[in-house]
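J.:
Numbering (this note's numbering), first residue to last: 216 to 395.
1. Could you pull out every residue in the same chain whose Cβ sits closer than 7 Å to the Cβ of residue 353, ignoring the five residues on either side in sequence?
2. Can you give the Cα-Cα distance for residue 301 and residue 326, rounded to whole angstroms?
3. Output the distance between the C-alpha atoms of residue 286 and residue 298, rounded to the nearest integer angstrom.
4. At what residues does the beta strand (DSSP E) containing residue 284 begin and finish?
5. Take residue 378 as the anchor and find which of 392, 328, 292 has the nearest alpha-carbon.
6. Starting from the Cα of residue 364, find the closest Cα among 310, 370, 380 and give me that residue.
7. Could you give the distance in angstroms between the alpha-carbon of residue 283 and the alpha-carbon of residue 375?
8. Here's the rule I'm using: 16 or more other beta-carbon atoms within 10 Å means buried, otherwise exposed. How should residue 264 be labelled?
Written as structure tokens, this is what we have:
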């Protein structure tokens with residue numbers, strides 16, 4: 216399939232974004248509901264533009280979010296020092312952890328010494344993010360972002376990795392509450 220990464224389109228009936236993707240093999244893609252578009256494109260792969268990935272196959276009509284890690288700005292990726300289970304559990308990996316909305320908005324969020332800030336989208340193409348396999352529902356993640364407490368940045372006790380874990384915990388709590 217041919218895709219054009221263009222601005223985000225929305226459908227009034229579903230109030231869901233169509234991720235800014237136009238499928239030129241089908242007529243009137245933008246006039247369809249997101250659910251119809253997803254059904255027609257269920258076997259489409261995740262497409263990649265530079266280092267940014269867009270999920271085009273979402274059968275449940277759920278827009279997604281996921282975390283990624285990249286080398287620190289002044290260091291290269293350092294193999295197991297940058298990503299390993301033990302250091303991940305202790306939040307001492309030599310890498311930056313960041314969150315990305317995969318809904319076509321380009322929204323992303325991370326925690327820095329200056330607080331909660333996004334990466335500049337034009338810089339993301341050249342960054343070496345390695346994404347987790349796990350995806351999160353973006354509406355619950357946005358709610359988690361509204362409710363997570365950032366605290367004061369500290370490289371040893373409250374860094375980007377601690378913050379990402381706090382965000383995951385808040386997400387899981389909200390998801391469980393929404394299922395009741």
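Cβ atoms here follow ideal geometry from the backbone N, Cα and C, with glycine treated the same way. Here the structure is a predicted model, which means the values were calculated and not measured.
T.: Checking against the coordinates, here is how it stands:
1. 278, 279, 280, 316, 318
2. 21 Å
3. 10 Å
4. Run containing residue 284: 279-285, per the beta strand (DSSP E) assignment.
5. 328
6. 380
7. Cα to Cα, the separation comes out at about 11 Å.
8. Note on residue 264: pLDDT 40, under 50, position unreliable in the model; no value is reported.
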